[in-house]
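In my numbering, the protein residues as written are 247 to 599. Presented below is the structure to which this report refers.
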Amino acid sequence: MKKKQKEKKSLTSFSILFLIIIALTVASWLLAGQPFAPSLPAGQEEMVSQVVGAKFSDFFMAPFNGFRDAIEICVFILCLGGFLNIVTRTGALEAGIQHLVKKLKGNELILIPILMILFSIGGSTYGMAEETIPFYSLLAITMVASGFDTIVAAGTVMLGAGAGVIGSTVNPFATGVAMDALRSIDIAPNNGTILVVGAMLWLVTTAYCIFVVMSYAKKVKADKGSTILSLQEQKEMEEHFVKDTNETLVFTQKHRLILTIFGLSFVIMVVSLIPWGDFDIHVFDGWTAFLTGNSFGEWYFGDLAMWFFYISIIIALIQGFSEKEIVTNFIDGVKDILSVVLIIVVARGASYI
Numbered sequence: 247m248k249k250k251q252k253e254k255k256s257l258t259s260f261s262i263l264f265l266i267i268i269a270l271t272v273a274s275w276l277l278a279g280q281p282f283a284p285s286l287p288a289g290q291e292e293m294v295s296q297v298v299g300a301k302f303s304d305f306f307m308a309p310f311n312g313f314r315d316a317i318e319i320c321v322f323i324l325c326l327g328g329f330l331n332i333v334t335r336t337g338a339l340e341a342g343i344q345h346l347v348k349k350l351k352g353n354e355l356i357l358i359p360i361l362m363i364l365f366s367i368g369g370s371t372y373g374m375a376e377e378t379i380p381f382y383s384l385l386a387i388t389m390v391a392s393g394f395d396t397i398v399a400a401g402t403v404m405l406g407a408g409a410g411v412i413g414s415t416v417n418p419f420a421t422g423v424a425m426d427a428l429r430s431i432d433i434a435p436n437n438g439t440i441l442v443v444g445a446m447l448w449l450v451t452t453a454y455c456i457f458v459v460m461s462y463a464k465k466v467k468a469d470k471g472s473t474i475l476s477l478q479e480q481k482e483m484e485e486h487f488v489k490d491t492n493e494t495l496v497f498t499q500k501h502r503l504i505l506t507i508f509g510l511s512f513v514i515m516v517v518s519l520i521p522w523g524d525f526d527i528h529v530f531d532g533w534t535a536f537l538t539g540n541s542f543g544e545w546y547f548g549d550l551a552m553w554f555f556y557i558s559i560i561i562a563l564i565q566g567f568s569e570k571e572i573v574t575n576f577i578d579g580v581k582d583i584l585s586v587v588l589i590i591v592v593a594r595g596a597s598y599i
């Protein structure tokens with residue numbers, strides 16, 4: 247008799263974070279009373295402190311206190327999730343990509359760097375990942391019809407967005423969370439330095455990924471035998487993507503306007519987060535404070551949350567959504583991103599301990 251193999255079980259992120267909270271609590275008990283010398287700024291005398299053991303009530307209330315400390319970034323991420331879902335529901339992104347594909351028919355190789363740059367900008371600015379799912383099938387049909395294979399389509403989307411996330415500049419799920427965590431322990435990160443380093447990573451990583459995908463695409467275009475797909479996978483590619491009659495999406499003026507506002511909203515986000523005062527640039531002082539009370543360069547997660555909240559309403563109204571559709575689509579987007587918020591809350595609970 248064949249023995250049933252036990253399924254490998256892995257812990258969720260939540261369980262791992264709770265175990266970390268438990269470990270930190272126990273460690274604080276074991277080290278209670280032990281002296282330690284915190285590193286202080288130059289010129290200040292080094293003070294010897296003692297480890298204070300966490301009380302059981304500290305452990306019990308850690309998630310709540312974590313949520314209280316991270317309330318601004320949590321609200322921002324929830325509003326961003328609602329915003330992205332409303333934009334997705336308008337169909338403007340998918341129609342815009344299809345429109346671009348048709349414009350470049352016969353020059354599909356040029357499409358690869360254009361799309362990868364667009365996807366990488368999305369990854370760098372707002373952590374574009376799940377939003378790319380509809381484009382896999384769309385690009386697979388186009389790439390196969392152009393003499394490439396499905397690997398080229400997948401590489402264009404996945405490596406494009408992935409390179410952007412690696413080179414995160416103002417990505418709230420990466421650099422945003424990290425900067426907020428630093429501020430919670432009284433460490434002020436330099437926004438300018440983070441933007442410059444992120445931009446350099448984005449440029450280098452995106453350029454390399456484009457080179458890899460284009461090199462492979464050229465080989466497949468010249469010789470179909472260069473594909474890394476197995477014979478079975480090639481057969482499935484022929485069945486699913488060559489004979490597929492893809493629905494044509496009309497790219498309307500409404501879609502064009504929505505995409506313009508979509509892009510402008512992230513431009514404003516980037517501009518509002520750059521510490522202009524550190525560079526002795528005061529062109530945004532005063533007059534840009536009419537929206538939130540803070541000028542560009544002084545915005546934080548609360549300001550950004552309300553920015554994307556109102557922009558999502560504007561886009562929904564342009565699309566012609568009813569009041570019920572606006573609320574439903576926004577809440578659906580919030581639900582999709584809620585797990586990210588809960589991870590941040592529990593992680594901040596560990597920081598609290």
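Just so you know, even glycine gets a beta-carbon here, dropped at the ideal spot from N, CA and C.
On the criterion of 16 or more Cβ atoms from any shown chain inside 10 Å, does residue i qualify as buried, or is it exposed?
i	result
Gly509	exposed
Phe497	buried
Thr494	exposed
Thr336	buried
Val488	exposed
Ile527	exposed
Phe457	exposed
Asp469	exposed
Leu276	exposed
Lys255	exposed
Trp533	exposed
Ala278	exposed
Ser461	exposed
Phe567	buried
Gly312	buried
Lys581	exposed
Asn353	exposed
Below 6 angstroms CB to CB, which residues in the same chain sit around residue i once its five sequence neighbours on both sides are set aside?
i	result
Ser274	Gly299, Ala300
Ala308	Ile267, Gly595, Tyr598, Ile599
Ser511	Ile557
Ser261	none
Val398	Met389, Ala463
Ile572	Ala562
Phe419	Gly373
Between which two residues does the alpha helix (DSSP H) harbouring residue i extend?
i	result
Ala593	569 to 598
Phe310	308 to 315
Val547	A small correction: the amino acid at residue 547 is Phe; Val does not occupy that position in the sequence shown. Segment 547 to 565, the alpha helix (DSSP H) holding Phe547.
Asp426	423 to 430
Gln344	338 to 349
Ile360	354 to 372
Asn437	437 to 468
Phe264	259 to 276
Thr506	499 to 519
Leu495	No alpha helix (DSSP H) contains Leu495, which DSSP labels as neither H nor E.
Ala201	Any question about residue 201 goes unanswered here, given that the chain covers just 247 to 599.
Leu477	477 to 483
With distances taken between CB atoms, is the gap from residue i to residue j smaller than 8 angstroms?
i	j	result
Gly579	Asn331	yes
Ser472	Lys465	yes
Ala463	Ile358	yes
Thr371	Val403	no
Thr452	Ser366	yes
Phe530	Gly539	no
Gly368	Gly410	yes
Gly406	Leu361	yes
Thr415	Ala445	yes
Ile583	Val423	no
Ser259	Ile590	no
Phe547	Phe322	yes
Val459	Gly401	yes
Cys537	Met515	First, the amino acid is wrong: residue 537 is Leu here, not Cys. Cβ distance not < 8 angstroms, so Leu537 and Met515 don't count as in contact.
Leu519	Asn436	no
Leu339	Val347	no
Asp426	Ala535	no
For residue i, which residues of its own chain have a beta-carbon under 7 angstroms away from its beta-carbon, when the five flanking residues on both sides are left out?
i	result
Asp490	Interpretation of Asp490 is limited by its pLDDT of 47, a score under 50 that renders its predicted location unreliable; the figure taken from the coordinates is listed afterwards. Only Ile387 meet the Cβ criterion.
Phe264	Val592
Ile564	Lys500, Leu503, Ile504
Ile356	Leu350
Leu257	none
Give me, in chain order, the residues of the same chain whose beta-carbon lies closer than 8 angstroms to that of residue i; leave out the 5 immediate sequence neighbours on both sides.
i	result
Leu270	Ala300, Ala596, Ile599
Gln600	Because the chain in this structure spans residues 247 to 599, residue 600 falls outside the shown range and cannot be described.
**Prompt:** Contact between the stretch 325 to 344 and the stretch 430 to 442: three or more CB pairs below 8 angstroms?
**Reply:** Segment contact: the stretch 325 to 344 against the stretch 430 to 442, fewer than three CB-CB distances shorter than 8 angstroms; contact not assigned.
**Prompt:** At a cut of 8 angstroms, does the stretch 418 to 437 reach the stretch 389 to 396 through at least three beta carbon pairs?
**Reply:** Short answer: they don't touch.
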